[in-house]
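**Student:** In the working numbering, the protein residues as written are 24 to 86.
Don't be surprised by glycine CBs; every beta carbon is placed ideally from N, CA and C.
1. Do three or more CB pairs link the segment 54-63 to the segment 32-41 at distances below 8 Å?
2. Leaving aside the five residues before and after residue 50 along the sequence, list all residues of the same chain whose C-beta is less than 8 Å from its C-beta, in chain order.
3. In the DSSP assignment, find the unbroken alpha helix (DSSP H) run with residue 66 in it and report its ends.
This is how it looks when you write it as structure tokens:
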């Protein structure tokens, strides 16, 4: 969320923001508790656990 805010409001990337304010390159963009909460939510709904299946091709070159 902060990444989008930085881009739309200030036209900065997270790396540019860190450089502007003299923050280390590994400085977190969100609070640890928020990151943990979002991680738990993502795991709960199954994000990242499914493998992608290729969509069948359409058109002339379809098998």
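**Tutor:** Quick look at the numbers:
1. The way I'd put it, the segment 54-63 doesn't touch the segment 32-41; fewer than three beta-carbon pairs between them come closer than 8 Å.
2. Here residue 50 is taken as the residue at index 27 of the chain shown, counted from 1. 41.
3. In the chain shown, residue 66 corresponds to position 43, counting from 1. In the DSSP assignment, residue 66 falls within the unbroken alpha helix (DSSP H) covering 55-67.
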